[in-house]
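Line order of the protein sequences matches chains A and B. So for the first sequence, the numbering used here puts the first residue at 4; every next one is plus one. So for the second sequence, the numbering used here puts the first residue at 9; every next one is plus one. Report on the structure given below.
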Amino acid sequence: MATQRLGMIVDTKRCVGCSTCAMMCKSENNEPEGIWWNRVLTIGGEHLTTPSGTYPNLTMENLTVSCQHCNNPACVKVCPVGATYKDEETGVVRQDYDKCIGCRMCMSACPYTGVRSFNWEEPKYPIGIDTGDADVPKHQKHVVEKCTMCWHRLAKGLQPACIEVCPGRARHFGDFNDPDSEVSRLIREREHMQLLPEMGTNPSVYYLV
Amino acid sequence: MSETTQAAQAAKAPAAKFGGKGLNVGIVVAAIVTIAGLVLWGVQLSGGFVQTGMRNLDSWGLYITMFMFLVGLSAGGLIISSVPRAFGMKGFGGISKIAVWTSICCTVLAIGFVVVDLGQPLRLWELFAYSNLGSPLMWDIIVLAVYLILSIVYLWATLRFEGGKGSEKALRVISVIALVTAVLVHSVTAWIFGLQQAHELWHTALLAPWFVSSALVCGVALVLVVIIALRRAGYMELAQENVVKMVKMLGAFVCIDLYFFACDLLTSAFPGGSGTGVVNMLVAGPLAPFFWVEVIGCAITAVIAFVPKLRTNPLIVVGSLLAIVGIFCKRVQLLVGGFQIPNIDYAGVMTPYTVTDATGSLTNAYRGMVYWPQPIEFSIVLGVFGLGALLLLLGFKYLSLRPTEKSH
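Here it is as structure tokens:
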């Protein structure tokens with residue numbers, strides 16, 4: 004079987020910046036307080052969901068950014084113990100909490116500012132109990148974590164949680180190595196971009212523009 | 009005065025003057041500071057790194073700055089003692105053992121700073137079990153360990169040789185290997201930063217040679233301060249000509265370092281693209297104080313080194329300290345500067361884990377320095393330095409580091 008290159012597409016023309024995907028990610032993966040693996044960023048003003056420019060010439064766009072699951076990941080190369088690694092079968096960039104020594108070399112090497120989070124203290128949860136899927140690995144203090152592409156859901160043949168909940172149907176998931184997949188078709192037919200292509204990391208997250 | 013007579017005198021007279029009560033008090037104080045540092049390290053690990061100033065967007069801080077700085081400081085000692093030995097040249101009046109000992113202490117401190125920066129120090133063993141040999145951090149761990157062991161072997165071989173055992177040839181071979189490792193250590197430390205395309209300030213081929221030149225500057229300056237202090241304390245005697253020789257070397261190294269800086273700034277700024285932002289940040293932005301202290305301090309050092317009239321002992325110490333402070337400022341510029349310009353700076357959710365100062369907007373956080381250390385970091389740094397002082401003083405007390413007839 005040919006190896007996969009699983010990835011995501013975000014249609015920026017459909018995204019309204021509602022943060023449903025970010026919220027779903029947070030609850031599905033039981034992300035501790037202050038940790039956001041998937042974030043909606045506002046291309047515009049100084050604060051979240053504020054436009055740039057002066058009235059009436061205002062512009063505002065949204066960009067949801069999480070781990071880009073790069074084909075040529077900078078983080079994987081620098082991890083001294085192989086705690087972050089690329090899964091050969093699926094192309095997903097994974098993070099092993101039990102192995103991570105907390106040196107934060109990957110956070111520094113990743114060009115996509117802010118997609119990796121460190122648990123700077125014992126993980127805390129807003130309602131005091133764990134939420135989300137029971138198969139999500141337990142969060143640990145002093146290790147790095149990030150989007151797993153919902154590895155626990157992929158194992159059950161499901162899509163990542165952020166894909167299904169998008170009210171604007173702006174998110175798509177699939178295998179870029181399969182020419183018949185929806186994602187392959189979309190980047191064939193639509194104008195698209197990858198974030199920071201000059202970094203040479205070749206992300207498996209594409210944005211339709 | 010010949011080197012031999014000098015050394016013979018050195019062995020007799022000052023020995024009685026140095027040491028005694030003062031040294032013992034120093035050792036006890038250093039030990040107390042070390043223990044306090046260890047306790048605070050425990051506090052940092054139990055209460056969490058949230059007590060430090062480091063956050064997701066500025067994920068390294070004072071510890072890694074000190075790591076870079078100490079790796080650099082360790083260079084001078086080893087190079088000053090091994091270069092004359094390796095090339096069969098006249099040395100610097102027998103200070104080679106003292107120089108290597110300061111170098112060993114600095115290397116231990118550098119390793120200490122990496123350890124206190126780790127979130128999971130109990131998993132250190134994994135470095136050897138699951139080594140990813142492609143990681144520059146792994147290269148550094150290997151080279152640093154080799155460097156430390158070699159420095160110790162070199163000191164041991166020197167002591168043995170001076171005690172009448174072992175051949176000079178063997179010592180010379182060790183000194184050559186140690187010299188090559190010293191250059192490698194600085195290059196590999198630079199590559200931890202320089203091979204990351206994610207930070208424009210770091211991603212330059214110049215970084216490795218530049219780390220070597222910076223290491224030579226602060227390393228030689230440290231040796232100068234230590235030997236002038238030891239001479240003053242009556243630990244040993246040393247002809248002024250040796251000090252002058254080293255000061256001239258310091259002047260040359262400072263000029264090379266400033267030259268590299270100028271090359272880097274010009275290459276960044278000239279195309280007028282994103283590199284201009286990097287130069288502005290250093291020259292006129294949040295890191296400007298560190299930039300100007302480095303540039304002006306190093307320039308003053310060069311003047312002191314090259315104007316014969318200014319080469320008096322107090323001014324040499326001032327110049328050396330300025331060079332050390334200057335290189336420290338350079339380390340701060342490199343570390344904080346790397347995080348100061350984010351690749352993606354769009355507004356998003358801000359949490360207490362995002363940046364050191366997460367109270368305002370992201371733009372606000374980048375207006376000043378994006379990272380500033382917290383009290384616990386300063387205290388732990390002090391504790392690690394306590395360990396260094398402890399080692400240094402124990403060496404002066406128990407190892408025969410004074411110049412002898414055979415010393416280089």
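Each residue gets a CB set at the ideal place from its N, CA and C atoms; glycine is no exception.
For the beta strand (DSSP E) that contains residue i, what are its first and last residues?
{"i": "A:Gln-7", "result": "No beta strand (DSSP E) contains A:Gln-7, which DSSP labels as neither H nor E."}
{"i": "A:His-175", "result": "174-178"}
{"i": "A:Ser-55", "result": "55-57"}
{"i": "A:Thr-62", "result": "60-62"}
How is the alpha helix (DSSP H) around residue i delimited, first residue to last?
{"i": "B:Asn-288", "result": "282-291"}
{"i": "B:Tyr-155", "result": "144-170"}
{"i": "A:Val-43", "result": "From DSSP, A:Val-43 is part of no alpha helix (DSSP H) but of the beta strand (DSSP E) over 42-46."}
{"i": "B:Tyr-71", "result": "70-95"}
{"i": "A:Tyr-209", "result": "Element bounds for A:Tyr-209: not the alpha helix (DSSP H) but the beta strand (DSSP E), 208-211."}
{"i": "B:Phe-8", "result": "The structure shown does not extend to residue 8 of chain B, since chain B is modelled only from 9 to 416, so the question has no answer here."}
{"i": "B:Val-37", "result": "29-55"}
{"i": "A:Leu-189", "result": "185-192"}
{"i": "B:Arg-319", "result": "From DSSP, B:Arg-319 is part of no alpha helix (DSSP H); its letter is neither H nor E."}
{"i": "A:Glu-31", "result": "23-31"}
{"i": "B:Lys-177", "result": "176-202"}
Inspect the beta-carbon positions of residue i and residue j and report whether they are closer than 7 Å.
{"i": "A:Gly-117", "j": "B:Thr-359", "result": "no"}
{"i": "A:Gln-162", "j": "A:Phe-179", "result": "no"}
{"i": "B:Ser-222", "j": "B:Gly-80", "result": "yes"}
{"i": "B:Ile-236", "j": "B:Val-325", "result": "yes"}
{"i": "A:Val-81", "j": "B:Ser-183", "result": "no"}
{"i": "B:Tyr-71", "j": "A:Val-84", "result": "no"}
{"i": "A:Asp-136", "j": "A:His-155", "result": "yes"}
{"i": "B:Leu-258", "j": "B:Val-228", "result": "yes"}
{"i": "A:Val-19", "j": "A:Gly-171", "result": "yes"}
{"i": "B:Leu-246", "j": "B:Arg-239", "result": "yes"}
{"i": "B:Ile-384", "j": "B:Val-124", "result": "no"}
{"i": "B:Leu-53", "j": "B:Val-392", "result": "no"}
{"i": "B:Phe-121", "j": "B:Phe-75", "result": "yes"}
{"i": "B:Leu-179", "j": "B:Ala-165", "result": "yes"}
Shorter than 7 Å from the beta carbon of residue i to some beta carbon of chain A?
{"i": "B:Phe-336", "result": "no"}
{"i": "B:Tyr-361", "result": "yes"}
{"i": "B:Ala-18", "result": "With a pLDDT of only 40 at B:Ala-18, under 50, the local geometry of the prediction cannot be trusted, and no value is derived from it."}
{"i": "B:Pro-420", "result": "Because chain B here runs from 9 to 416, residue 420 of chain B falls outside it and cannot be looked at."}
{"i": "B:Ser-387", "result": "no"}
{"i": "B:Tyr-267", "result": "no"}
{"i": "B:Cys-371", "result": "Per the sequence shown, the amino acid found at residue 371 of chain B is Thr instead of Cys. With 7 Å as the cut-off, B:Thr-371 counts as an interface residue toward chain A."}
{"i": "B:Arg-339", "result": "no"}
{"i": "B:Pro-383", "result": "no"}
{"i": "B:Tyr-379", "result": "no"}
{"i": "B:Pro-8", "result": "No answer is possible for residue 8 of chain B: it lies beyond the span of chain B, which begins at 9 and ends at 416."}
Where residue i and residue j are concerned, what is the direct C-alpha to C-alpha distance, given to the nearest angstrom?
{"i": "B:Phe-219", "j": "A:Gly-94", "result": "36 Å"}
{"i": "B:Phe-201", "j": "B:Gly-171", "result": "43 Å"}
{"i": "B:Gln-14", "j": "B:Gly-283", "result": "Caution is warranted here: a pLDDT of 42 is assigned to B:Gln-14, below 50, making its placement in the model unreliable, and no coordinate value can be reported."}
{"i": "B:Ser-90", "j": "B:Pro-411", "result": "15 Å"}
{"i": "A:Leu-189", "j": "A:Asp-14", "result": "10 Å"}
{"i": "A:Pro-206", "j": "B:Arg-339", "result": "32 Å"}
{"i": "B:Ala-153", "j": "B:Trp-147", "result": "10 Å"}
{"i": "A:Gln-98", "j": "B:Val-233", "result": "47 Å"}
{"i": "B:Ala-107", "j": "B:Gly-69", "result": "29 Å"}
{"i": "A:Gly-56", "j": "A:Ile-46", "result": "11 Å"}
{"i": "B:Phe-136", "j": "B:Ile-185", "result": "24 Å"}
{"i": "B:Gly-127", "j": "A:Gln-143", "result": "11 Å"}
{"i": "B:Arg-131", "j": "B:Lys-29", "result": "41 Å"}
{"i": "B:Ser-369", "j": "B:Ala-190", "result": "44 Å"}
{"i": "B:Pro-297", "j": "B:Thr-362", "result": "25 Å"}
If we cut at 7 Å on Cβ distances, does residue i have a partner in chain B?
{"i": "A:Pro-140", "result": "no"}
{"i": "A:Thr-45", "result": "yes"}
{"i": "A:Thr-67", "result": "no"}
{"i": "A:Arg-2", "result": "The structure shown does not extend to residue 2 of chain A, since chain A is modelled only from 4 through 212, so no value can be given for it."}
{"i": "A:Arg-174", "result": "no"}
{"i": "A:Leu-61", "result": "no"}
{"i": "A:Arg-107", "result": "yes"}
{"i": "A:Met-196", "result": "no"}
{"i": "A:Thr-116", "result": "yes"}
{"i": "A:Ile-130", "result": "no"}
{"i": "A:Ser-120", "result": "yes"}
{"i": "A:Trp-39", "result": "yes"}
{"i": "A:Trp-123", "result": "yes"}
{"i": "A:Glu-49", "result": "yes"}
{"i": "A:Cys-82", "result": "yes"}
Inside the stretch 327-404 of chain B only - alpha helix (DSSP H) runs reaching at least 4 residues: 370-373
Start-end ranges of the alpha helix (DSSP H) lying completely within the stretch 80-165 of chain A, minimum 4 residues: The stretch 80-165 of chain A contains these whole alpha helix (DSSP H) runs: 108-112 and 154-157.
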